[in-house]
Each structure stands twice: as C-alpha cells, then as structure tokens.
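Residues 8 to 163 (our numbering) make up the sequence shown, in order.
Here a beta-carbon is modelled for each residue, glycine too, at the ideal position from N, C-alpha and C.
Read through the structure below, which is laid out as structure tokens, and then see the notes.
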Amino acid sequence: TGLLLLLALAPPRAGAQTPDAERTIRLRRASSNEAIARHDTAGIGAILAPDVVVVTSNSVHAVGRDTNVRRFAEQFRTRPDVTYLRTPDEVRIFAPWGMASERGRWTGSWTDADGKIVIGGSYFAKWRKANGVWLIESETYVPETCTGGAYCTTVP
Numbered sequence: 008t009g010l011l012l013l014l015a016l017a018p019p020r021a022g023a024q025t026p027d028a029e030r031t032i033r034l035r036r037a038s039s040n041e042a043i044a045r046h047d048t049a050g051i052g053a054i055l056a057p058d059v060v061v062v063t064s065n066s067v068h069a070v071g072r073d074t075n076v077r078r079f080a081e082q083f084r085t086r087p088d089v090t091y092l093r094t095p096d097e098v099r100i101f102a103p104w105g106m107a108s109e110r111g112r113w114t115g116s117w118t119d120a121d122g123k124i125v126i127g128g129s130y131f132a133k134w135r136k137a138n139g140v141w142l143i144e145s146e147t148y149v150p151e152t153c154t155g156g157a158y159c160t161t162v163p
C-alpha cells in the first residue's frame, strides 16, 4: 500500500496525459466554436493568448489577440452568415511545461456574391497554460477541400 500511495502522489511523468487539462481544452474549443456561431468577438478572444499567431487557410499570418479579433469582426461584417467549426481529433498535454497540442478538422462556410462557399481541412493548435488558464499560442489551418464560387479557385 505504501508503493500505491507514492505512485498516487507522484507528479505525472513527462508527456503524460492529464484528463482534466484535456477536458478543459476541449471545453474551451467548444466555447470558441459557440462564440463564432454567435459572432461574439469577445468570446473568440477569450481563448487566445495576447501574442497568438494564426496562419489562416489562405496563408495570412495574423499576430496578436486584438488583430485576430478584428479580423473576425470584419468577417462578420462582410459575410453575415460566416461560420467556422473546429473539431479536435486529439489533444495531448505536456504537463511539466504547461503546454498542449490540439489536432483536428475544421470547416467554414459563408455566402459570396457568386454562391455558397464551403471550405475545410486540418488544423493544429498549440496551447499554453498561463496563470492557471489554457490559451492558444498558435493555430495553423490547412485547406483540403473547397466548393463554391471563385474563392475556391483563386490562389491567395
């Protein structure tokens, strides 16, 4: 029983998954998806680190929470029906450094002048725990499919 107690009290081994952290990150991703669906820029910004780096599907590099929130606000203004959904396939925690990776699938859609655009692919996010809160430090979106208007055939 002494050995069991020591094992129970031992810190997680390097790279060990921590279910609470994984659950928290998945919940924060879900809240971000809900914020996008509501066009709630404050809710979107809530999971982003102040110096977040986002590489969009058309390879725009947007640095900083404020910049990314402004970009969403502009999309909501110019594409009133825009929506994005990120679905994590895997969340892995590196507890000793308070970091995590999230890998999954994303979809987006909106209506352009020449029709409905539906785009999607894979994404990767790096999370970091700062002051007890998990925030996204970086996200990269890779397009794999696009259907609809000229947007899908125009090279960025």
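A direct Cα-to-Cα measurement between V70 and V60 gives close to 5 Å. Segment contact: the segment 80 to 100 against the segment 33 to 43, three or more CB-CB distances shorter than 8 Å; contact assigned.
Separation of the CB atoms of L142 and A44 is rounded to 21 Å, and the pair is thereby denied contact status at 8 Å. Between V140 and W117, the alpha-carbon positions lie close to 32 Å from each other. R35 is a Cβ neighbour of I54, given a cutoff of 8 Å.
Counted as a single uninterrupted DSSP element, the alpha helix (DSSP H) harbouring V76 occupies residues 72 to 85. Between G122 and T114, the C-beta gap is not smaller than 8 Å, which leaves the two residues out of contact. Closest in C-alpha terms to P103, from the list T90, K136, G155, comes K136.
Distance between W134 and Q82, taken at the CA atoms: about 24 Å.
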